[in-house]
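Peer 1: Under my numbering, the letters of the sequence shown match residues 78 to 326, in that order.
A virtual CB, placed ideally from N, CA and C, is assigned to each residue, including glycine.
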Amino acid sequence: MCKVSADTCRVDLGSAYVLIVDVVVALVMEIIQIRAGAKRNGFSLCLFGIAGLFLSALWLMWLPDWLKLAGIFLTSASLVTILIGWLKVREPVFSFELTRKELKYLHRFGSWRLEWSNIQRVGIPRVRRGLTHQDMELVGIRLKDYEPLLAVISPRLASNILMQQRPLLLQGEDCQTGQCYSETLLEKDRFKGASGKEYRGIVAMFANRMIRIREVLGYDLFVFASELDRSQEEFVALLNACQQQAVNQ
């Protein structure tokens, strides 16, 4: 599916190896699947939590009353560990699927997909810190047209993305007034696309958020590093290589 050209190669042999393996797999299966980093250690956390509950039960049964408070804390920590593990287990095995035609994002709240021809550029957003600019732990995707995305994204996933992007929207803003949240985080619930089609509700708010966050960070969609099975640089290089191959076909 995707071929890595010379301009996408890196000095890091480990990174080059990852890209080459992805390309070989894609040539055979015609798909590249990116494992979801958020799913890691889900079962392990559940097991640790269950073991903690067992120990806390023994603690509360056999130890004196003045030590029971510690047993209650252990029980609470075990329940939280089980909950976190369960949430991880619920995540899809793969966070992305790359095919000849499109890039597909998978989440427990839904999915979205983009044709390669609708992606303007992919990169790592940067934010200003004092006199310097620092890379964020994100991969940004800038679109040519919002409407193909709005047509396929579910309101539930759009709502989840809106909540995730709140801290990102404030990255490039000065909050000296203390009113940043009230001024910048409420989006209009109506949006009119380039085709003239009108959107309402959560999907329209999502479209308006993409417009505003592009002004701050230069991209429309964002992928957190925790959702990937590789570094941001490797993922960006892979997407660029796949897009270039799709354009050249």
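1. Residue 170 by DSSP, collapsed to three states: which one?
2. Could you check what DSSP says for residue 188 in three-state terms: helix, strand or coil?
3. By how many angstroms is the C-alpha of residue 160 removed from the C-alpha of residue 73?
4. What whole-angstrom Cβ distance do residue 125 and residue 152 have, given they're in contact under 8 angstroms?
5. Applying the criterion that 16 or more other CB atoms from any shown protein chain within 10 Å of the CB defines a buried residue, is residue 131 buried or exposed?
6. Would you kindly work out how many angstroms separate the C-alpha atoms of residue 326 and residue 231, rounded to a whole number?
7. Can you tell me whether residue 307 is helix, strand or coil according to DSSP?
8. Return the chain-ordered list of same chain residues with a C-beta closer than 6 angstroms to the C-beta of residue 122, the five sequence neighbours on each side being excluded.
9. Under a three-way DSSP split, which group does residue 297 fall into?
10. Check whether the Cβ atoms of residue 272 and residue 224 lie closer than 8 angstroms to each other.
11. Do residue 204 and residue 210 have their C-beta atoms within less than 8 angstroms of each other?
Peer 2: This is what the structure gives:
1. coil
2. Strand at residue 188.
3. The structure shown does not extend to residue 73, since the chain spans only 78 to 326, so no value can be given for it.
4. So it is not a contact: roughly 14 angstroms between Cβ atoms.
5. exposed
6. Separation of residue 326 and residue 231 (C-alpha to C-alpha, rounded to the nearest whole angstrom) is 31 angstroms.
7. The DSSP-derived three-state label of residue 307 is coil.
8. 158, 161, 162
9. In this structure, residue 297 counts as coil in the three-state DSSP scheme.
10. Yes, the Cβ-Cβ distance between residue 272 and residue 224 is below 8 angstroms.
11. yes
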